[in-house]
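Residue numbers (the numbering used here), protein chains in the order written: chain A, 1 to 643; chain B, 644 to 809. Virtual Cβ for every residue (Gly too), placed ideally from N, Cα, C.
Right under this line is the structure:
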């Protein structure tokens, strides 16, 4: 069957879903939705539909990016625009079906937004954040069923493949080169250059690898795309394979992403059935196959040569480059290794042309970037913005600012290779090059927002702990230097640091950068260097005063219940204390924490009703008044907030 | 059937499905772990023999990657996410809560083999932080109170099962 016929059929079916007389219910069941209870919601919907004997189409879709409002469902009812509801639970799902589908009441109080502009309900495009967003890679996410290839085709999918197969391979390479598309895995190497080298390298069969080993803690862009729109990645891979003359492809997905693994596997089978993969693709004479390879939990395998070693069945230890993998890669053959998002961009560039792509972004970084917003930001989730958007726009306009009205302290960007940037850096435009100077890097797109309750020394210690454990051990300075740095940071967070440690940290950081082979070691000191640069006072407070200004380092804090604020009859904290450390002082009728028993788990602070707000954190811990007397301390700013 | 026999039978089935190319080592190990919940040493020896590689090569791969475990798991597996977003929202406190309740360290199994505890780098549910993965189900906003709740539900379930069997 010719592609145009396939497309026509798929579109007819797609329009049949949305233009028909039957209501459609989409349930977001990507991992983030599932964590929030989407599977239970889906079951409740199925049960209700059955109970009411309704004729309804129910589809599972991926992630729309509004993770803060999960579980999300979208209801399309004839006569209404498709409406998305957030924070749905099984009870709400049932009532939405009863009220909206059976009785035309769209239950406005639960609406998140409509998918189309209309006069009845505010749509997503009316959200202030939509001014900054530009969804290209995420266009389909949450709107199509990732397990139905026809949904993808009906929305323009595989059109570019059909177009590309009629072009000459070198034309595709030169179009991608002209577009200046840069690798979206973090390093930002021009994709077209890489392809060109591989194309011209000798050795057959050439190999194409899609890097979905998203190891940065705090990043989930690739997971969301693989779970929500796997065909976009597969289509990009086939086009790239054709362009560079590859015969085999691999998708390398982390084993920590079981749902992505399953959805990619299903998508590969469907693509084969439809002749977009395998022998003689769309009767063009070009043959290409893709294998799914599951990573086994090693951060270093995000590095090209380590990833290749891992596919070859060896420990993922990086090797020296050159030779570049485009010349000698998997099994010694010329290999292209691109990130999930880079490959997912390829069909868009082929379809719309390099000039379209060049219109977006900054001088040296074109197109859009996908960020995973997490941490202390209101709208956690996925966002896609043009390159050059500032950090401030991203965090405050798109992300909705800081949770619980707290003060912004820093944004951690680029994962363990990146750094923590303070408020003064918020107006930097985000692209591949601009953040380098500030000591951070754009990285693959993980962005964790930190507020006044986050201790920067502890954050630096956390990242060092991570890289230290994940170092493959090949280079001495990475293996032992990171361990030394970690030991020093641990001492500081426990109040045992010395001022000269700060110099040692800086020296070690420089040595590790110089003496490591791969990106893991060369960037491992960045979180420490940036926090030392921007938040040196916090290090000094830990060392000189034994005080953690953010009240996060457990050794340096104590929990205390303010007697004058503690409500007499309330015992919310007593019930929730996980170690029974809180008791009632009968004489004064207040609650008291036994400091010996307290494990500093923060539960009482969360449990204390906001109108009393009696539990506070004190640092250093010796500020807690002895013997139950009323505190003589000058109270620091109260609460300390919730973790 | 003796344990060794069972291992041989199951690994043979996995071998025949995947083939004896060197690069199949990791998929083979992954499927053995899927079948047994861990990598029995006898299965690793069998894998080395099948792929015609030294046993030490198998062992080096097994100990390099975080995914593989050398001891039998508990009936229920608990994986605490240690990602950045979870960390700043108290992931380490959640881990401590699990440790305190189960009285084991990460990487260990309770003596009654009911639970095993471990950390995981990041499961990509950062927007739901802090998370723990309990028996493959991602538990969102898993703070110490939620930890107690989850354990209680397992206790109740176990009590129910015992009642039914009696």
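| Asked | Found |
| --- | --- |
| Is residue 84 (chain A) close to chain B, meaning its C-beta is less than 8 Å from at least one C-beta of that chain? | no |
| Got a sec? Which residues, its chain only, sit under 6 Å from residue 362 (chain A) by beta carbon, not counting five neighbours each side? | 387, 388, 431 |
| Could you check whether the Cβ of residue 687 (chain B) sits closer than 8 Å to any Cβ belonging to chain A? | no |
| Find the residues of chain A that neighbour residue 665 (chain B), judging by a C-beta separation of less than 9 Å, and give them in chain order. | 312, 313, 314 |
| Mind listing the chain B neighbours of residue 408 (chain A)? Cutoff is C-beta to C-beta under 9 Å, in chain order. | Correct list: empty, because the minimum Cβ distance to chain B is about 13 Å. |
| Pick from A:147, A:477, A:428, A:173: whose alpha carbon is nearest that of residue 395 (chain A)? | A:428 |
| Which partner residues of residue 561 (chain A) appear in the DSSP bridge assignment? | A:615 |
| For a cutoff of 8 Å on Cβ pairs, would you count residue 660 (chain B) as touching chain A? | no |
| In angstroms, rounded to a whole number, what distance separates the CA positions of residue 640 (chain A) and residue 111 (chain A)? | Bear in mind that the predicted position of residue 640 (chain A) carries a pLDDT of just 44, short of 50, making it unreliable; the figure below should be weighed with that in mind. Distance between the alpha carbons of residue 640 (chain A) and residue 111 (chain A) is about 34 Å. |
| Who are the near neighbours of residue 711 (chain B) in its chain, counting only those whose CB is closer than 7 Å to its CB and skipping five residues on each side? | 672, 676, 682, 705 |
| Could you tell me how far apart the beta carbons of residue 381 (chain A) and residue 67 (chain A) are, in whole angstroms, since I believe they sit closer than 8 Å? | 4 Å |
| Looking at the secondary structure, which residues open and close the alpha helix (DSSP H) in which residue 154 (chain A) lies? | 149 to 154 |
| By the three-class DSSP mapping on this structure, what secondary structure does residue 384 (chain A) have? | strand |
| Might you give, ordered along the chain, the residues of its own chain that have their beta carbon closer than 6 Å to the beta carbon of residue 472 (chain A), omitting 5 neighbours on each side? | 300, 317 |
| Our contact map puts residue 338 (chain A) next to residue 183 (chain A) with C-beta atoms below 8 Å; I'd like the distance itself, whole angstroms only. | 6 Å |
| How about residue 497 (chain A) and residue 543 (chain A): do their beta carbons lie closer than 8 Å? | yes |
| Any beta carbon of chain B sitting closer than 8 Å to that of residue 87 (chain A)? | no |
| Do you know whose CA, among A:237, A:48, A:33, lies nearest residue 782 (chain B)'s CA? | A:33 |
| Exposed or buried, what is residue 27 (chain A) when buried is set at 16 or more other beta-carbons lying within 10 Å of its beta-carbon? | buried |
| If you pair each beta-carbon of the stretch 593 to 607 of chain A with each one of the stretch 752 to 762 of chain B, do three or more pairs fall below 8 Å? | no |
| Counting only beta-carbon separations shorter than 8 Å, does residue 788 (chain B) have a partner in chain A? | yes |
| Give, in chain order, every unbroken run of the alpha helix (DSSP H) that is at least 4 residues long and sits entirely within the stretch 36 to 122 of chain A. | 38 to 51, 90 to 96 |
| In chain B, which residues lie with their C-beta within 7 Å of the C-beta of residue 211 (chain A)? | Neighbours of residue 211 (chain A) on chain B: none; closest Cβ ~15 Å, over 7 Å. |
| Kindly identify the DSSP beta-bridge partner or partners of residue 361 (chain A). | A:366 |
| If you run the structure through DSSP and keep just helix, strand and coil, what is residue 339 (chain A)? | strand |
| State buried or exposed for residue 699 (chain B), treating a residue as buried only when at least 16 other CB atoms are found within 10 Å of its CB. | exposed |
| The beta strand (DSSP E) with residue 24 (chain A) in it runs from where to where? | 24 to 28 |
| Among the residues of its own chain, which have a CB less than 8 Å from the CB of residue 501 (chain A), if the five just before and after it don't count? | 488, 491, 492, 543 |
| Please identify the residue among A:266, A:178, A:81, A:560 whose C-alpha is closest to the C-alpha of residue 355 (chain A). | A:178 |
| Please name the residue, chosen from B:660, B:791, B:654, B:776, that lies closest to residue 726 (chain B) on a Cα-to-Cα basis. | B:776 |
| Under a three-way DSSP split, which group does residue 684 (chain B) fall into? | helix |
| Please list the segments of the alpha helix (DSSP H) lying wholly inside the stretch 248 to 325 of chain A, counting only runs of 4 or more residues, in order along the chain. | 258 to 273, 304 to 311 |
| Scan the stretch 442 to 528 of chain A and note each continuous beta strand (DSSP E) run of 3 residues or more that stays entirely inside, going in chain order. | 446 to 451 |
| Which residues in chain A have a C-beta closer than 9 Å to the C-beta of residue 736 (chain B)? List them in chain order. | 554, 599, 600, 601, 602, 603, 643 |
| Rounded to the nearest angstrom, how far is the Cβ of residue 266 (chain A) from that of residue 62 (chain A), given a contact under 8 Å? | Residue 266 (chain A) to residue 62 (chain A), Cβ: 13 Å. No contact. |
| Which value, in whole angstroms, describes the spacing of the CA atoms of residue 85 (chain A) and residue 213 (chain A)? | 32 Å |
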